[in-house]
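Peer 1: The following block contains the structure, expressed as structure tokens.
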Amino acid sequence: MSQEIHSGDAMAVILNRRSVRDYTDAPLGDEVIEQLLRAGMSAPTAKNMQPWSFIVVTSRETLSTLAEGLPFGKMLGKAAAAITVCALPEEANNGSAELAVVDATCATENILMAAQAVGLGAVWVASYPYEDRMAHVRTVLGIPDTVIPLCVIPLGYPTVVKPPIDKFKPEKIHREKW
Ligand SMILES: Cc1cc2nc3c(=O)[nH]c(=O)nc-3n(C[C@H](O)[C@H](O)[C@H](O)COP(=O)(O)O)c2cc1C
């Protein structure tokens, strides 16, 4: 696929993004999934180590099985696809699990933004840091113990467009000093 750049205004994408947990039955094409993965892999990483892997799931059965072990991931049962973002400590700067998680988090945010930009609904479903949820995701997706399944991102076309929330809080900002 060519690296087509969509012209959606970046600030509008950022400010309008919401967690979307209800999807239509429409399937996702391979091209749109690749766009999301390209966005994920465009994220910054410590020392440019890119210590991540992405598992794409479109099988209805696997999506439902994932949902069973994720208490706040029931929407996976309705999703057209999901991307599980994995952090790879062995490939991170200094072999650091912390940096791997930070780097994979940057990739996740990029995927969430890209989903918004192309008109998809998505949400971060937590796996890390919960040992039981990580164990479930590892078992279902065959992920080795050395790899951290950071989160699962269900994807689908939204049934409704949620209005943006203004979270700007001036009291959260310090100038010059705390
Ligand atoms: C680390 C993290 C874990 C999250 N885990 C879940 C989850 O397991 N299930 C879920 O439905 N939403 C989850 N979310 C999404 C938040 O609930 C959501 O971002 C928050 O309520 C704000 O809503 P918004 O994304 O629409 O602005 C998670 C978000 C983050 C950053």
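Here the sequence shown is numbered in my numbering, starting from 220 and rising by one per residue. Backbone N, C-alpha and C define an ideal beta-carbon position, used for all residues, glycine too. For clarity, every value in this text was computed on a predicted model and none was experimentally measured.
Please report the straight-line C-alpha distance between T281 and G375, rounded to a whole angstrom.
Peer 2: Their backbone Cα atoms lie some 16 Å apart in a straight line.
Peer 1: Taking the beta strand (DSSP E) that V304 belongs to, which residues open and close that run?
Peer 2: Residues A300 to A306.
Peer 1: Are V371 and A301 closer than 8 Å when you measure CB to CB?
Peer 2: For V371 and A301, yes; Cβs fall inside 8 Å.
Peer 1: Quick one: what's C370 bridged to in DSSP?
Peer 2: In the DSSP output, where bridge partners are listed per residue, C370 has V304 and A345.
Peer 1: Based on DSSP bridge pairs, tell me the residues matched to P377.
Peer 2: Bridge partners of P377: Y242.
Peer 1: Taking 7 Å as the line, does the beta carbon of F387 fall inside it for any heavy atom of ligand 1?
Peer 2: False, no ligand heavy atom lies under 7 Å from that Cβ.
Peer 1: If you draw a straight line from the C-alpha of D228 to the C-alpha of R236, how long is it?
Peer 2: Whole-angstrom Cα-Cα distance: 12 Å.
Peer 1: Does the segment 337-348 come close enough to the segment 288-295 that 3 or more CB-CB pairs lie under 8 Å?
Peer 2: Segments in contact, yes.
Peer 1: Less than 6 Å between C-beta atoms, sequence neighbours within five positions excluded: which residues of the same chain meet that for R240?
Peer 2: Result list for R240: M294 and V342, in chain order.
Peer 1: Roughly how many angstroms separate the alpha carbons of T378 and A354, rounded to a whole number?
Peer 2: Distance between the alpha carbons of T378 and A354: 31 Å.
Peer 1: Count the other CB atoms within 10 Å of the CB of R352; is the residue buried (16 or more) or exposed (fewer)?
Peer 2: R352 should be labelled buried.
Peer 1: Starting from S278, trace the alpha helix (DSSP H) in both directions and tell me its first and last residue.
Peer 2: No alpha helix (DSSP H) holds S278; DSSP gives it neither H nor E.
Peer 1: So, with DSSP's three-state summary, where would you put G338?
Peer 2: In the structure shown, G338 sits in coil (DSSP, three-state: anything other than H, G, I, E or B).
Peer 1: Residues bridged to S272 by DSSP?
Peer 2: BP columns for S272 point to C305.
Peer 1: Tell me whether the beta-carbon of H260 lies closer than 8 Å to the beta-carbon of Q254.
Peer 2: A small fix is needed here, since residue 260 is Met in this sequence, not His. No, the Cβ-Cβ distance between M260 and Q254 is not below 8 Å.
Peer 1: Using a Cβ-Cβ cut-off of 8 Å (strictly less than) and excluding sequence neighbours within five positions of A286, which residues of its own chain qualify?
Peer 2: Closer than 8 Å at the Cβ level, and outside the excluded window around A286, lie G292, K293, M294, L295 and G296.
Peer 1: Could you check whether the Cβ of W343 sits closer than 7 Å to any heavy atom belonging to ligand 1?
Peer 2: Result yes, Cβ under 7 Å from ligand 1.
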